[in-house]
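In this note's numbering, the protein residues as written are 8 to 177.
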């Protein structure tokens, strides 16, 4: 097991070497606009994964993947010559989907921002359904209702007293 700092330094160096070699040495017409975004080396320094992006559509990505697969031996020998290490790591090329995922997230966030702005515009002119406070009544209405309630209570009381008097009279 190698030192993690050494593995990181080797990964950075591999990224630099591979990106320069793709620009200058590889003349494959299938190779599109390739950008090496990252490289990772295992802790035993035997395998390296190189992440790349391609400007273009899916066919350009597929063609560039085939071109990089065919140029792996040339790139590995270039890495070995320029790093000078005893065991040159085997190179694996992986299309980096992080920029595509980031773009999709940005688009989703932009759609949400537009929906929030539309909701805010709708909210500006809107009012509550019904009264502002449906449980409160003006003070004048309360007094009138209290008077009506008292009048009905006294009428009921008089009717009950009369009914009681008629029953007790026989």
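All residues carry an ideal CB built from backbone N, CA and C; glycine is no exception.
Distance between beta carbons of residue j and residue i, contact taken as under 8 Å
i, j, result
"residue 41", "residue 59", "5 Å"
"residue 48", "residue 21", "7 Å"
"residue 67", "residue 100", "In fact, because the Cβ distance is near 15 Å, the residues do not count as touching under 8 Å."
Bounding residues of the alpha helix (DSSP H) (the contiguous stretch that carries residue i)
i, result
"residue 68", "65–77"
"residue 28", "11–31"
"residue 107", "105–131"
Bridge-paired residues (DSSP) for residue i
i, result
"residue 40", "62"
"residue 45", "58"
"residue 100", "57"
Spatial distance of residue i from residue j (CA atoms)
i, j, result
"residue 111", "residue 18", "28 Å"
"residue 10", "residue 109", "32 Å"
"residue 84", "residue 33", "13 Å"
"residue 65", "residue 115", "21 Å"
"residue 144", "residue 128", "32 Å"
"residue 126", "residue 135", "15 Å"
"residue 74", "residue 15", "26 Å"
"residue 124", "residue 57", "42 Å"
"residue 38", "residue 29", "9 Å"
"residue 120", "residue 130", "15 Å"
"residue 50", "residue 70", "31 Å"
"residue 97", "residue 118", "43 Å"
"residue 93", "residue 107", "37 Å"
"residue 142", "residue 132", "24 Å"
"residue 102", "residue 12", "25 Å"
Residue i versus the options, residue with shortest Cα-Cα distance
i, options, result
"residue 44", "11, 78 and 27", "27"
"residue 105", "125, 85 and 61", "61"
"residue 35", "76, 63 and 53", "76"
"residue 79", "54, 63 and 64", "54"
"residue 86", "46, 102, 122 and 113", "46"
"residue 95", "63, 52 and 107", "52"
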